[in-house]
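Okay, so here's the structure we're looking at.
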Amino acid sequence: MNITSDVKDAKLTATVTIPAADVDAAIKKAYRDAAKKYRFPGFRAGHAPRPVIDNMLGAGAVLAQATNDLIGEAEPKVINELDIVPVKAGEYGELENPVADHEDFVYTIEFQLRPSCELTSYDPVEIEMPPAEVTEGEIDAQVEMLLGYHASFDDADRPVAEGDYVTVDIENVKNAEALAGEGRMVVIGSGSLPAAFDEGVTGMAKDETKEISWTPEVEGAEEAAVKVTVKAIKERTLPELTDELAKEAFGFDDIAAMRDAVKIELDADKTSKLPGIKENRAVAKLAERLDLEKVDEDYEQSVFSELGQNFLQSLAGRGMSLDTWLQMSNMSTEAFLADLHRQADDVARESLALDALARKLEIEVTDEDVDAEFARAGVEDPEASKAAFVAEGRIPAIRDSIRRSKACDWLVETAVVTEVDEYAKADAE
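Take 46 as the starting number for the sequence shown in the working numbering and just add one per residue.
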């Protein structure tokens, strides 16, 4: 198989030539398959000769099947050979004629690729990180979280404010069926409902009714509206931490022992999480340098689909449906999709930024790198796993992942870090 290609505006057009010997083999296989699949009077299954098959089915039909088989088998090889990761299925050029005996077969296929972007700077990034040592502010925040398990919820004789737990009746006016219900408990400012809903309910009094409308942040979405009646307003109050409460509620001798235990737990948590935090912040900072106004729609949609599939698989692994998760999270379908699109845009920008950095660093991926990646995957048979990826045309995706990982390693190693006690900073503000 011979492949020539040309790239223009993130579209790669490949001209594929399949040699006559492979064409002949595909035609023979197509006739064998037809002989087994259909019944031809006077012949045992699988033994009808080609003239009989042509007379019954038509030569064009069998040659068309051979053509489709050849193209389908060649596509993963084409992708592997070109070392590309298309953002959607390839589009084939118009085929004037099917394959023919003893002749090479030539066709074209066009792949949409990720855009090739540049960064405004390739210097090491500057990021802020929490101190490696546990701070008093972090201990305070964790203790407050623990006290939350013993919080009281008291009726508030005032209008709704941020952080309140509000019982509401929600009537769908238009395009908001998922939010409708009586006696729903919502937490104002939690981010689980549209921001316009929280803003609309804030300031309402008990027994007040109000119509709230908004347009979901999803392309093509229609305006949604609900009628809300506030039934109850409760504010959350934390108990005062005393030696007695530390002992009775949490099993510690006193407050000091409780804080010591929290510090030990936070220290272990930091040790495991700080590397990931550093990587995430470094990559996010790099993405801010991406010289790109808007992410290509096809690429964003491919990332969106992948994120959605991964999330659904995660829910299925927990025995949960998306509808159940949305109800438990008090989130509408529109809000979920809008959030997923925002995540897809972020992930796409980060990936494109790492691609640009990898090109600048001239990072190469060797066959040994690929083999090592499969060895690290923890599968029972790395060679069999690699063979499956080759057959499916997924090796370029592995190479992409390795290339980005190497770029990310450089990014993290060279990052200029400033330690900031974020809890103390928040208190000061």
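Every residue gets a Cβ at the ideal spot worked out from N, C-alpha and C, and that includes glycine.
Measure from the alpha carbon of residue i to the alpha carbon of each residue in the options, then state which is nearest.
{"i": "Tyr-137", "options": "Leu-115, Asp-343, Asp-299 and Gly-182", "result": "Leu-115"}
{"i": "Asp-209", "options": "Val-246, Gln-354, Glu-253 and Arg-326", "result": "Val-246"}
{"i": "Val-462", "options": "Met-174, Arg-89 and Gly-87", "result": "Met-174"}
{"i": "Lys-81", "options": "His-92, Leu-238, Lys-73 and Lys-339", "result": "His-92"}
{"i": "Cys-453", "options": "Thr-287, Gln-110, Leu-331 and Ala-177", "result": "Leu-331"}
{"i": "Leu-406", "options": "Leu-164, Asp-202 and Glu-289", "result": "Leu-164"}
{"i": "Asp-200", "options": "Ala-250, Lys-219 and Leu-158", "result": "Ala-250"}
{"i": "Leu-286", "options": "Leu-337, Tyr-194, Glu-333 and Lys-272", "result": "Tyr-194"}
{"i": "Ala-65", "options": "Gly-321, Lys-73 and Ala-59", "result": "Lys-73"}
{"i": "Ala-484", "options": "Thr-316, Arg-448 and Ser-161", "result": "The shown model of the chain, from 46 to 474, leaves out residue 484, and the question about it has no answer."}
{"i": "Thr-411", "options": "Glu-342, Gln-388, Val-392 and Arg-444", "result": "Arg-444"}
{"i": "Pro-320", "options": "Ile-408, Lys-53, Leu-108 and Glu-458", "result": "Glu-458"}
{"i": "Ser-377", "options": "Ile-215, Ala-111 and Ile-440", "result": "Ile-215"}
{"i": "Val-151", "options": "Asp-202, Ile-98 and Leu-140", "result": "Leu-140"}
{"i": "Met-101", "options": "Ala-111, Arg-84, Gln-346 and Ala-436", "result": "Arg-84"}
{"i": "Thr-316", "options": "Ser-350, Leu-191 and Val-179", "result": "Val-179"}
{"i": "Gly-353", "options": "Ala-383, Arg-334 and Ala-329", "result": "Ala-383"}
{"i": "Asp-336", "options": "Phe-381, Ala-398 and Val-348", "result": "Ala-398"}
{"i": "Tyr-167", "options": "Glu-425, Ala-70, Arg-404 and Asp-416", "result": "Arg-404"}
{"i": "Ser-450", "options": "Glu-413, Leu-402, Glu-467 and Val-424", "result": "Leu-402"}
{"i": "Ala-206", "options": "Val-232, Gly-182, Ile-257 and Val-273", "result": "Val-232"}
{"i": "Leu-57", "options": "Ile-300, Asp-128, Gly-103 and Gln-110", "result": "Asp-128"}
{"i": "Arg-7", "options": "Pro-284, Ile-48 and Lys-53", "result": "For residue 7 there is no data in the structure shown, the boundaries of the chain being 46 and 474."}
{"i": "Asp-288", "options": "Glu-379, Trp-370 and Asp-298", "result": "Asp-298"}
{"i": "Val-455", "options": "Glu-148, Glu-324, Ser-396 and Leu-238", "result": "Residue identity check: residue 455 is Trp in the sequence provided, not Val. Minimum Cα distance to Trp-455 is reached at Glu-324."}
{"i": "Glu-418", "options": "Ser-446, Asp-341, Pro-284 and Ala-291", "result": "Ser-446"}
{"i": "Phe-198", "options": "Glu-262, Pro-284, Val-218 and Thr-274", "result": "Pro-284"}
{"i": "Gly-236", "options": "Gly-362, Ala-104, Phe-381 and Met-190", "result": "Phe-381"}
{"i": "Asp-390", "options": "Met-365, Lys-339 and Glu-413", "result": "Lys-339"}
{"i": "Ile-257", "options": "Tyr-344, Val-218, Arg-363 and Lys-292", "result": "Val-218"}
{"i": "Ile-154", "options": "Ser-359, Trp-370 and Ala-59", "result": "Ala-59"}
{"i": "Val-465", "options": "Ala-240, Ile-172 and Ala-109", "result": "Ile-172"}
{"i": "Ala-460", "options": "Glu-342, Thr-49, Ala-329 and Glu-126", "result": "Ala-329"}
{"i": "Met-46", "options": "Pro-96, Glu-333 and Asn-125", "result": "Asn-125"}
Would you mind sorting residue i into buried or exposed? The rule is 16 or more other CB atoms within 10 Å of its CB.
{"i": "Ile-278", "result": "buried"}
{"i": "Asp-243", "result": "buried"}
{"i": "Asn-142", "result": "exposed"}
{"i": "His-386", "result": "buried"}
{"i": "Arg-394", "result": "buried"}
{"i": "Thr-62", "result": "exposed"}
{"i": "Arg-421", "result": "exposed"}
{"i": "Val-68", "result": "buried"}
{"i": "Val-107", "result": "buried"}
{"i": "Gln-157", "result": "buried"}
{"i": "Asn-220", "result": "buried"}
{"i": "Ser-431", "result": "This sequence places Lys at residue 431; Ser is not what is there. Counting Cβ neighbours within 10 Å, Lys-431 comes out buried, since at least 16 surround it."}
{"i": "Ala-90", "result": "exposed"}
{"i": "Gln-372", "result": "exposed"}
{"i": "Asp-146", "result": "exposed"}
{"i": "Ala-177", "result": "exposed"}
{"i": "Asp-400", "result": "buried"}
{"i": "Phe-88", "result": "exposed"}
{"i": "Glu-379", "result": "buried"}
{"i": "Arg-448", "result": "buried"}
{"i": "Ala-75", "result": "buried"}
{"i": "Ser-396", "result": "buried"}
{"i": "Ser-488", "result": "What is shown of the chain runs 46 to 474, which leaves residue 488 out entirely."}
{"i": "Ala-313", "result": "exposed"}
Going by DSSP, what residues sit across from residue i in a beta bridge?
{"i": "Tyr-137", "result": "Ile-154"}
{"i": "Ser-197", "result": "Thr-282"}
{"i": "Val-52", "result": "Leu-57"}
{"i": "Asn-47", "result": "Thr-62"}
{"i": "Trp-259", "result": "Ala-269"}
{"i": "Glu-171", "result": "Val-461"}
{"i": "Ala-505", "result": "Lying outside 46 to 474, the shown extent of the chain, residue 505 is not represented and no answer is given."}
{"i": "Leu-191", "result": "DSSP lists no partner for Leu-191."}
{"i": "Val-164", "result": "Note on identity: in this sequence residue 164 is Leu, with Val being the wrong assignment. DSSP, once it has assigned bridges, lists Leu-335 as partnering Leu-164."}
{"i": "Thr-254", "result": "Thr-274"}
Establish whether the CB of residue i and some CB of chain B are separated by less than 9 angstroms.
{"i": "Glu-222", "result": "In the structure shown, chain B does not exist; there is a single protein chain."}
Hey, would you say the C-beta of residue i is under 8 angstroms away from at least one heavy atom of the ligand GDP?
{"i": "Asp-312", "result": "For the structure depicted, the ligand GDP is absent and the ligand set is empty, with no information on it obtainable."}
Could you name each continuous alpha helix (DSSP H) segment of 4 residues or more that falls completely within the stretch 295-341, going from the start of the chain to the end? 300-332
What beta strand (DSSP E) runs, 3 residues minimum, are completely inside the stretch 202-244? 210-219 and 226-232
I'd like to know if the stretch 257-272 and the stretch 223-243 are in contact, where contact means that at least 3 CB-CB pairs between them fall below 8 angstroms. yes
Do three or more CB pairs link the stretch 289-305 to the stretch 124-135 at distances below 8 angstroms? no
Inside the stretch 422-470 only - alpha helix (DSSP H) runs reaching at least 4 residues: 427-436 and 440-459
What are the start and end residues of each continuous alpha helix (DSSP H) run of 4 or more residues lying completely inside the stretch 58-137, in chain order? 65-82, 95-102 and 104-127
Report yes or no: do the stretch 118-127 and the stretch 429-442 share at least 3 C-beta pairs separated by less than 8 angstroms? yes
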